[in-house]
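A quick write-up on the structure given underneath.
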Amino acid sequence: MELNFKEIISVSLILFSVIDILGSIPVIIDIRRKTGDIHAEQATLVSGGIMIGFLYVGKSILNLFGVDINSFAIAGALIIFLIGLEMTLGRNIFKSEETTGGAKAASIVPLAFPVIAGAGTMTTILSLKSQFDEINILVGILLNLVFIYTVLRASQWIENRLGQVGANVLRKVFGVILLAISIKIIKSRIG
-13 MELNFKEIIS VSLILFSVID ILGSIPVIID IRRKTGDIHA EQATLVSGGI
37 MIGFLYVGKS ILNLFGVDIN SFAIAGALII FLIGLEMTLG RNIFKSEETT
87 GGAKAASIVP LAFPVIAGAG TMTTILSLKS QFDEINILVG ILLNLVFIYT
137 VLRASQWIEN RLGQVGANVL RKVFGVILLA ISIKIIKSRI G
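Written out as structure tokens, the structure reads:
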């Protein structure tokens, strides 16, 4: 295992697309309006813990249920495909649950999980694990966490600068990228 800049960039961009923190800005803004605040540090740490934990024990969890990596990777690719469709078509396929526990609770559910570190992110991490070295995935996760924290802290400023049209365009572009990534994963697992 050695650091590979190309792998780190690839992992970072794939996770960036799946996590879609910029596409989640409308959700983040809505949570902030409902609760009055977002705890960026707490949301970043919890989502990072989930992602890093799944990187190291995700395979053991799968073994417990008798699921192999290829099957999980294809299932993850299908989830990524659906997320890409959601982003591209502007339709909600996955239902998001509301919380009433205030800003701290909202920073964990639904923000840290499932908005940031949801099923798509976890399946992507396991899919990446079958293609890249763990150290490069870990660095990619950490780079994404820095970006997630920055976006959470600056969500109001970003909302003012992007506007609704800019956020929608960004979401659709990353949706198409996710569709292509999911097809690539499926092709590599079947062939």
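Mapping the sequence shown onto this note's numbering, position 4 (from 1) lands on -10, and the numbers just tick up by one.
Note that beta-carbon positions come from the ideal geometry of N, C-alpha and C, so glycine has one too.
>> Relative to the C-alpha of I176, which candidate in N56, F160, V13 has its C-alpha closest?
In response: It is N56.
>> Given this structure, state the Cα-to-Cα distance separating S(-2) from G44, to the nearest angstrom.
In response: Using only the alpha carbons, I get a separation of about 19 Å.
> For the candidate residues I123, T21, D6, whose alpha-carbon lies nearest to that of N(-10)?
Replying inline: In this structure, I123 is the residue among I123, T21, D6 with its C-alpha nearest to the C-alpha of N(-10).
>> How far does the alpha helix (DSSP H) with M73 in it extend, from its first residue to its last?
In response: Per DSSP, M73 belongs to the alpha helix (DSSP H) from 55 to 75.
> Can you list, in chain order, the residues of its chain whose CB lies under 8 Å from that of S3, leaving out five sequence neighbours each side?
Replying inline: Contacts found: F160, I163, L164, I167.
>> I'd like the list of long-range same chain contacts for I14, defined as Cβ closer than 6 Å, with 5 residues on each side in sequence excluded.
In response: Excluding sequence neighbours, I14 sits near S141.
> Which residue from I36, D119, I(-5), G9 puts its Cα closest to that of T107?
Replying inline: The shortest C-alpha separation from T107 is found at I36.
> When the distance is taken between beta carbons, is A26 closer than 8 Å to A98?
Replying inline: Not in contact: A98 and A26 (Cβ atoms no closer than 8 Å).
> Can you give the Cα-Cα distance for L129 and S93, rounded to whole angstroms?
Replying inline: Going by the C-alpha atoms only, they are around 20 Å apart.
>> How far does the alpha helix (DSSP H) with I7 in it extend, from its first residue to its last?
In response: Secondary structure note for I7: it is in no alpha helix (DSSP H), with a DSSP letter that is neither H nor E.
>> As a quick exercise: from P12, T110, I0, pick the residue whose alpha carbon is nearest that of L64.
In response: When only C-alpha atoms are compared, the closest one is T110.
> What do you reckon, are the CB atoms on L1 and L156 nearer than 8 Å?
Replying inline: L156 sits away from L1, with the two beta carbons spaced by 8 Å or more.
> Would the beta-carbon of I134 fall within 8 Å of that of M(-13)?
Replying inline: One thing to note: I134 has its Cβ no nearer than 8 Å to the Cβ of M(-13).
> Hey, which unbroken runs of the alpha helix (DSSP H) at 4 residues or more fall wholly within the stretch 123 to 167?
Replying inline: Unbroken alpha helix (DSSP H) runs of no fewer than 4 residues, entirely contained in the stretch 123 to 167, are not found.
> Taking Cβ positions, are G62 and I127 nearer each other than 8 Å?
Replying inline: No.
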